[in-house]
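Going line by line, the protein sequences match chains E and U.
Under this note's numbering, the letters of the first sequence match residues 1032 to 1190, in that order.
Under this note's numbering, the letters of the second sequence match residues 16 to 524, in that order.
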Amino acid sequence: MEVQKNINRKDYYGGALMVLIGLGAIYGGTDYHIGSLSHMGPGFFPAALGGLLALTGVLIAISARSGDSTPPAPGDGHAHGLPDFRGSACILLGTLAFLLLGHYGGLLPATFAIVFISALGDRKNTIKQALLLSIGMSAIAVIVFWWALQLQLPLFRWG
Amino acid sequence: MISQSLMDLWYGFGVAFQWHNLMWSFFGVLVGNLIGVLPGMGALSAISILLPLTYVMQPVPAILMLAGIFYGSQYGGAIGAILLNLPSHPPHAVTCLDGYPLTKQGKGGTALGITMICSFFAASVGIIVMIFASPLLVEVAFKFGPTEIFSIMLLGLLAGATMSRGSPLKGVAMTLFGLMCGVVGTDVNTGTIRFSFGLLDLSDGLELVAISMGLFGVADFLMSVNRMTIIGSGAKLRLRDMRPSKQELKTAFWPMVRGTAVGTLFGAMPGTGPTITTFVAYALERKISKTPEKFGTGMIAGVASPEASSHSKTQVDFIPTMSLGIPGDAVMALILGALLIQGIQPGPQLITEHPDIFWGLIASFWVGNVLLMVLNVPLIGVWVKLLQVPYRYLFPSALFFIAVGVFSTQNSLFQIWEVLAFGVIGAILMTLEFSVAPILLGFVLGPMVEENFRRALLLSRGDLAVFVQRPISAWFIGASALLIGLQVWAFLRRGKGKGKNKPEVPQTV
């Protein structure tokens, strides 16, 4: 029983999240025009979806209580625990760095940053390995994307 | 009618053999094959990453390439499953059960050879079914108005949500979430901009590529970083190891045929995922077998049947996607999306309006499958070596490709924000044990579902009864109700503690 409780807590959170999103959509939908069945306004469909989603969320939470714990299907590729903090942080930071540097610095610094920072997220990578990998990818960025495919992002730009 | 189909097929071969089409098809199967071998990268991520490339391509080579990636990655997945006990995509999990023991007995090459033969046979049967079933389906589909289209889409969405792996309720929730994502942007009927949160970039709606890369690329990396442990096996393969003996071929024959039948059947039902297909095929084989206890120790039947089923399903899956515009699963949703981006509306008109796409695609299936057979033999060694490339180098590089690929779709950095957002959303949902594939299904169908729903009710003056009054529509609504009923029944039965409605498969992965 204890094990089941552990699994089911996720269903409570999941159900609650769905209810929240559903209510949000209803709220958003009523902001636009709802209309009637024969003349639906732009808000009708989102509000209806929101209602259904909220209902589904409630059902998910209820079925969690009644002990319906399907074990994760075998071969399901993903781990279901919480993501690794350092890894996730580096992946997110790396992507943000690409956004920022792509805007203010150009393709080359952006490429270097996204690969270097995200590579550091893996605990087994050393700084030297991350550096080599990002230099390699920068070369690919220049040759393949900038030179051969003529990507519309300058190599360098200032400000 | 049959002779007409054969004539069309002949024409299709003409299209598929045009050199640039052949080249892209070849490129697709090659890349798909490679990515299929790599752990954590399935057909979904491969197609997502290469989707931007199709924006600048002609429709025919673009579709041939995407299809090539799809079935190429399936062959690749079998390699990882058999040689390394690594199910890089879920459908191959079953193949691991008997495939890896065979490798340990030194028969990995034979298992791969059998897999290839079964795959080719199954794909061929699937293609033939597609050739004859599609025109029939189209004839029916031409009678469809908005009411029928809405009902069949409802059935497709429900099937996609409830029949794939995981909790059906959660699948429904994800489909609804996907439908909501489709709402973002300008409303076609009134011009109102919905759920854009004041961002001008969102007035055209969310980008399919960005969503799929976020959900199947970034979210996947977030979940697997520092968790992927890959132990290389010293499996060495020579060409002649892959040739199965006559006895082995005989053992594999009937499992192959049965697997193909299961796959064809499941392919015709929209929404049944490939995973459940291979599991059913395996379970069936074990039930029929005279020595069920030997399954899991290296039975050839345990490799032949699931692999055959997944390949015939892959081919048959294209039928509803191309002829009705209803994608069966997330990969099909992406291919459908690619067609829409090219300005081609999949549906009954597709076959008559774009015969080059439809028949060229079918012909290219065969060409591609032959290419794969030929390719696989010399390349398996290369792929196995490639598996030594550690994940810690792979994901940062893939992240860069995603960023650049998404940027190039619109030459704007904004899409990368979407990728990031959907990466985080995907990771949260996966942590809560939701499967994210139905989101894509909902997103692609969302606008069409809404449009047809609104149009149907406009025509009926708001009378909901129209959906059950028109016979074809009523049939689909009935089937949807049956589907929900079955799920409720299964749930209630499980609640009583007699839950035994799933094929038993030993959990070793």
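Glycine is no exception: its CB is placed at the ideal position from the N, C-alpha and C atoms.
Everything numeric in this text was worked out from a predicted model, so none of it was measured.
Sorted by chain position, which residues of the same chain lie with C-beta nearer than 8 Å to residue i's C-beta, five sequence neighbours on each side aside?
{"i": "M463 of chain U", "result": "I164, M168 and G340"}
{"i": "A1170 of chain E", "result": "none"}
Thinking residue i and residue j are a contact (beta carbons under 8 Å), I'd like their distance in whole angstroms, please.
{"i": "N384 of chain U", "j": "A138 of chain U", "result": "5 Å"}
{"i": "V199 of chain U", "j": "L217 of chain U", "result": "6 Å"}
{"i": "A1092 of chain E", "j": "D1042 of chain E", "result": "6 Å"}
{"i": "I377 of chain U", "j": "G29 of chain U", "result": "Not really, about 12 Å apart at Cβ, beyond 8 Å."}
{"i": "F135 of chain U", "j": "G1045 of chain E", "result": "Rounded, the Cβ-Cβ distance is 42 Å, inconsistent with contact."}
{"i": "F42 of chain U", "j": "I62 of chain U", "result": "About 13 Å separates the two Cβ atoms, so there is no contact after all."}
{"i": "L112 of chain U", "j": "G274 of chain U", "result": "Not really, about 14 Å apart at Cβ, beyond 8 Å."}
{"i": "V459 of chain U", "j": "L351 of chain U", "result": "6 Å"}
{"i": "V331 of chain U", "j": "G396 of chain U", "result": "Actually they are not in contact, since the Cβ atoms of V331 of chain U and G396 of chain U sit about 32 Å apart, beyond 8 Å."}
{"i": "G1053 of chain E", "j": "G1082 of chain E", "result": "7 Å"}
{"i": "T177 of chain U", "j": "G171 of chain U", "result": "Incorrect: roughly 11 Å between the Cβ atoms, too far for contact."}
{"i": "L237 of chain U", "j": "S1119 of chain E", "result": "5 Å"}
{"i": "E465 of chain U", "j": "F1076 of chain E", "result": "5 Å"}
{"i": "R209 of chain U", "j": "P1073 of chain E", "result": "6 Å"}
So what does DSSP say about residue i, is it helix, strand or coil?
{"i": "F1176 of chain E", "result": "helix"}
{"i": "R209 of chain U", "result": "strand"}
{"i": "G200 of chain U", "result": "strand"}
{"i": "M284 of chain U", "result": "coil"}
{"i": "M1071 of chain E", "result": "strand"}
{"i": "G1066 of chain E", "result": "strand"}
{"i": "S182 of chain U", "result": "coil"}
{"i": "A1047 of chain E", "result": "helix"}
{"i": "V404 of chain U", "result": "coil"}
{"i": "D371 of chain U", "result": "helix"}
{"i": "K122 of chain U", "result": "coil"}
{"i": "P259 of chain U", "result": "coil"}
{"i": "V240 of chain U", "result": "coil"}
{"i": "R508 of chain U", "result": "helix"}
{"i": "S4 of chain U", "result": "Outside the shown range of chain U (16 to 524) lies residue 4 of chain U, about which nothing can therefore be said."}
{"i": "A31 of chain U", "result": "helix"}
{"i": "M22 of chain U", "result": "helix"}
{"i": "G420 of chain U", "result": "helix"}
{"i": "P1103 of chain E", "result": "Here P1103 of chain E scores only 45 on pLDDT, less than 50, and its place in the model should not be relied on; the value that follows carries that caveat. Here P1103 of chain E sits in coil by DSSP."}
{"i": "L455 of chain U", "result": "helix"}
{"i": "W39 of chain U", "result": "helix"}
{"i": "K1041 of chain E", "result": "helix"}
{"i": "A225 of chain U", "result": "helix"}
Give every residue of the same chain whose Cβ lies closer than 7 Å to the Cβ of residue i, excluding the five residues on either side of it in the sequence, and list them in chain order.
{"i": "T1087 of chain E", "result": "M1049"}
{"i": "F416 of chain U", "result": "I64"}
{"i": "R258 of chain U", "result": "G128"}
{"i": "H369 of chain U", "result": "I359"}
{"i": "L345 of chain U", "result": "Inspection of the sequence shows that residue 345 of chain U is occupied by Ala rather than by Leu. Excluding residues within five positions, the ones whose Cβ falls inside 7 Å are L59, A452, L455 and L456."}
{"i": "T162 of chain U", "result": "A471, V481, F482, R485 and S488"}
So, at 6 Å on beta carbons, what are the nonlocal neighbours of residue i in its own chain, with the 5 sequence-adjacent residues on each side left out?
{"i": "V1173 of chain E", "result": "none"}
{"i": "L79 of chain U", "result": "N36, W39, S40 and S379"}
{"i": "A1047 of chain E", "result": "none"}
{"i": "A1150 of chain E", "result": "N1156, A1161 and L1164"}
{"i": "R1188 of chain E", "result": "G1137"}
{"i": "L354 of chain U", "result": "P361"}
Taking C-beta pairs closer than 8 Å, name the residues in chain B that residue i reaches, listed in chain order.
{"i": "P1077 of chain E", "result": "Protein chains E and U are contained in the structure displayed, whereas chain B is not."}
- Query: Per the contact definition of three or more C-beta pairs closer than 8 Å, is the stretch 434 to 453 of chain U in contact with the stretch 221 to 239 of chain U?
  - Reply: yes
- the stretch 326 to 334 of chain U touching the stretch 428 to 435 of chain U, judged by at least three CB pairs closer than 8 Å: no
- Item | the stretch 466 to 478 of chain U in contact with the stretch 179 to 198 of chain U per 3-pair CB rule at 8 Å | no
- Below 8 Å between beta carbons is the criterion; list the residues of the stretch 455 to 472 of chain U that meet it against any residue of chain E, in chain order. E465, F468, R469 and L472
- Item | Stretch-stretch touch, CB-based, cutoff 8 Å, three pairs: the stretch 448 to 455 of chain U with the stretch 130 to 146 of chain U | no
- At a Cβ cut of 7 Å, what residues of the stretch 1134 to 1153 of chain E count as close to chain U, listed as they run along the chain? H1134, T1142, I1145, V1146, S1149, A1150, G1152 and D1153
- Task: Below 8 Å between beta carbons is the criterion; list the residues of the stretch 404 to 435 of chain U that meet it against any residue of chain E, in chain order.
- Result: P405, Y406, R407, Y408, F410, P411, S412, L414, F415, A418, V419, F422, S423, N426, L428, I431, W432, V434 and L435
- the stretch 23 to 33 of chain U touching the stretch 1174 to 1187 of chain E, judged by at least three CB pairs closer than 8 Å: no
- Message: Below 8 Å, how does it come out for the stretch 108 to 126 of chain U and the stretch 90 to 100 of chain U: are there three or more Cβ pairs, yes or no?
- Response: yes
- Query: Quick one, which residues of the stretch 309 to 337 of chain U are near chain E if we go by CB-CB under 8 Å, in chain order?
  - Reply: none
- Task: Count the C-beta pairs between the stretch 403 to 423 of chain U and the stretch 1125 to 1132 of chain E that are closer than 8 Å, then say yes if the count reaches three, no if not.
- Result: yes
- Does the stretch 150 to 166 of chain U touch the stretch 486 to 502 of chain U, meaning 3 or more C-beta pairs lie closer than 8 Å? yes
- Item | Contacting positions in the stretch 194 to 211 of chain U - beta carbon closer than 8 Å to chain E | L194, M195, V198, D202, N204, T205, T207, R209 and F210
- Item | Contact residues within the stretch 1054 to 1073 of chain E, judged by C-beta distance below 8 Å to chain U | A1056, G1059, Y1063, H1064, S1067, L1068, S1069, H1070, M1071, G1072 and P1073
- Output, in sequence order along the chain, the residues in the stretch 221 to 247 of chain U whose CB is closer than 8 Å to any CB in chain E. V233, D235, F236, L237, M238, S239, V240, N241 and R242
- Query: Taking any Cβ of chain E, which residues in the stretch 79 to 96 of chain U have a Cβ under 9 Å from it, in chain order?
  - Reply: none
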